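Asks: Following our numbering, the residues of the sequence shown are numbered contiguously, the last one being 1162. The following block contains the structure, expressed as structure tokens.
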Amino acid sequence: MRLRQLSPLCMPVKDNRAGVGRGLHGITASNSNTRISATRIPNRVATAPLATSFGSENLGLNSDRMRATMVERLHSQGITNEQVLAAMQVIPRHAFVDEALASRAYDDASLPIGHGQTISQPWVVARMIASVCSATMPSRVLEVGTGCGYQAAVMSHVFPQVHSIERIRALYDMAKERLRTLRLTKVRLVHGDGMLGLPTVAPFDAIVVAAAGIRIPQALLLQLNVGGVLIAPEGSSAQRLVRVTRTGASSWDRQELEEVRFVPLKAGLQV
Ligand code: SAH
């Protein structure tokens, strides 16, 4: 389908949702960035204290084993992309959340990361990254909404060049520090308004948007290479993942995927 008339500016989702963590339409920092699904899959993985491993010495977690369980669950939830699963086996998700939440880092859930934002549910991260992988693997990829940096870290194991933009200064700083500590310095982080994309680096082979706008910003669609793919949640109270492929200079194909619930995409910076 050819996208009809694109408005020059995408409207941000109503600001009265910004009420950090409380939210309109029941969107909170602990239930957003998830799939809305009728089938409930057990939330917790075995969390018995086991031998220590990478970065989890104080937690008594065997994070390798917990990650393996998470990856098996993702596979059973329909994620088959081997590179994405391998990346999620390697990246320590618990290192991207507050220590108090680390034991829940491998649950099938999003978790609060402060400032009213969330780390996306593992399934959402896997689904979004896998959705932009096609026959030709994307090389230069943009993420809008770095948050804690987890999805960017996973993407850096899958794609050669990853850029990620975050509008909240404190989260940008935190993600930078985390990625530095984990020696994932390949990810290029920017403190900026991702609704404008990254014109100085564009065009991108893929764009992954981790926050929901009423419409996908036109600037992002225009920063896709022809053949490039963008995935984003779209909508306000009812949201859906949407995959858009640029098919020509002024044509895009649009495909609607699962129902989801994400934090809002907002214009401007929070310093
Ligand atoms: N990528 C994350 C999910 C982050 S939550 C993960 O690893 O799980 C979504 C993030 O998008 C929030 O941190 C929010 O501040 C950010 N965001 C919302 N609107 C934005 C915009 N216009 N530009 C950049 N970041 C934005």
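Ideal placement from N, C-alpha and C gives every residue a C-beta, glycine not left out. Because the structure is a prediction, the values reported are computed rather than measured.
Can you give me the C-alpha to C-alpha distance between Ala-1129 and Glu-1150, rounded to a whole angstrom?
Replies: Near 8 Å, if we compare the C-alpha coordinates of Glu-1150 and Ala-1129.
Asks: Can you list, in chain order, the residues of its chain whose CB lies under 8 Å from that of Tyr-1041, leaving out five sequence neighbours each side?
Replies: Cβ neighbours of Tyr-1041 beyond the five flanking positions: Ile-982, Arg-984, Phe-987, Ile-1010, Ser-1011 and Val-1016.
Asks: CB-CB under 7 Å to Ala-920, same chain, minus the five flanking residues each way: which ones, in chain order?
Replies: For Ala-920, where only same-chain residues beyond five positions count, the Cβ hits under 7 Å are Gly-912, Pro-1003, Gly-1007, Gln-1008 and Thr-1009.
Asks: So for Val-1135, helix, strand or coil by DSSP?
Replies: Strand.
Asks: Note down, in chain order, each residue of its chain lying with its Cβ closer than 8 Å to the Cβ of Pro-903, except the 5 sequence neighbours on either side.
Replies: Reliability of the predicted coordinates at Pro-903 is poor, the pLDDT of 26 falling under 50, and the value obtained from them is presented with this limitation in mind. Closer than 8 Å at the Cβ level, and outside the excluded window around Pro-903, lie Met-1086, Gly-1104, Ile-1105, Pro-1155, Leu-1156, Lys-1157 and Ala-1158.
Asks: Is the stretch 1052 to 1061 touching the stretch 1123 to 1137, taking contact as three or more C-beta pairs under 8 Å?
Replies: At 8 Å Cβ cutoff, the stretches do not touch.
Asks: Cutting at 7 Å between CB atoms, please list the residues of its own chain near Gly-1118, excluding the five before and the five after it.
Replies: Answer for Gly-1118: Arg-1137, listed in chain order.
Asks: Out of Gly-969, Val-1049 and Arg-1152, state which residue places its alpha-carbon closest to the alpha-carbon of Glu-1125.
Replies: The shortest C-alpha separation from Glu-1125 is found at Arg-1152.
Asks: For Gln-974, which residues in the same chain have their Cβ closer than 6 Å to its Cβ, ignoring the five residues on either side in sequence?
Replies: Val-1049, listed in sequence order.
Asks: Have a look at Ser-1025, Gln-1146, Ala-1000 and Pro-1051 and flag the residue whose alpha-carbon is nearest the alpha-carbon of Ile-927.
Replies: Cα-wise, what sits closest to Ile-927 is Ala-1000.
Asks: Starting from the N-terminal side, write out each stretch of the beta strand (DSSP E) that is 3 residues or longer and does not extend beyond the stretch 1027 to 1102.
Replies: With a minimum length of 3 residues, the continuous beta strand (DSSP E) runs that stay inside the stretch 1027 to 1102 are 1031 to 1035, 1052 to 1057, 1079 to 1082 and 1095 to 1100.
Asks: May I ask which residues mark the beginning and end of the beta strand (DSSP E) holding Val-1151?
Replies: Note, Val-1151: beta strand (DSSP E), 1142 to 1152.
Asks: Could you give the distance in angstroms between the alpha-carbon of Met-957 and the alpha-carbon of Trp-1014?
Replies: One C-alpha to the other measures close to 15 Å.
Asks: Of the residues Arg-964, Val-1078, Arg-1069 and Ile-1098, which one's Cα is nearest the Cα of Cys-1024?
Replies: When each option's Cα is compared against that of Cys-1024, the closest is Ile-1098.
Asks: State yes or no: is the C-beta of Lys-1077 nearer than 8 Å to some heavy atom of ligand 1?
Replies: Result no, Cβ not under 8 Å from ligand 1.
Asks: Does the Cβ of Val-962 have 16 or more other Cβ atoms within 10 Å, making it buried, or fewer, making it exposed?
Replies: Buried: at least 16 other Cβ atoms inside 10 Å.
Asks: Mapping the DSSP letters down to three states, classify Ala-920 as helix, strand or coil.
Replies: Note: Ala-920 maps to coil in three-state DSSP.
Asks: From Thr-1076 to Gln-980, what distance separates their C-alpha atoms?
Replies: Their backbone Cα atoms lie some 19 Å apart in a straight line.
Asks: Let me know the secondary structure DSSP gives Thr-1009 once reduced to three states.
Replies: The answer is strand: DSSP assigns Thr-1009 an E or B state.
Asks: Closest to Ala-996 by CA distance: which of Ala-1101, Leu-1121, Asn-953 and Thr-1072 is it?
Replies: Among Ala-1101, Leu-1121, Asn-953 and Thr-1072, the Cα nearest to that of Ala-996 is on Asn-953.
Asks: Residues in the same chain with beta-carbon distance under 6 Å from Glu-1147, minus the five sequence neighbours each way, listed in chain order, please.
Replies: Only Arg-1131 and Val-1133 meet the Cβ criterion.
Asks: Assuming the contact rule is C-beta atoms closer than 8 Å, Ala-1066 and Leu-1089 should be a hit. Round their C-beta distance to whole Å, please.
Replies: Not confirmed; about 16 Å, so no contact.
Asks: Would a C-beta distance cut-off of 9 Å place Leu-1073 and Ala-1102 closer than the cut-off?
Replies: No. Outside cutoff.
Asks: Distance, Cα to Cα, Met-1028 vs Gly-1139?
Replies: So the two alpha carbons sit approximately 19 Å from each other.
Asks: Enumerate in chain order the residues of its own chain whose CB-to-CB distance from Ser-1030 is below 8 Å, with the five nearest sequence positions on each side excluded.
Replies: Excluding sequence neighbours, Ser-1030 sits near Phe-1050, Pro-1051, Gln-1052 and Asp-1096.
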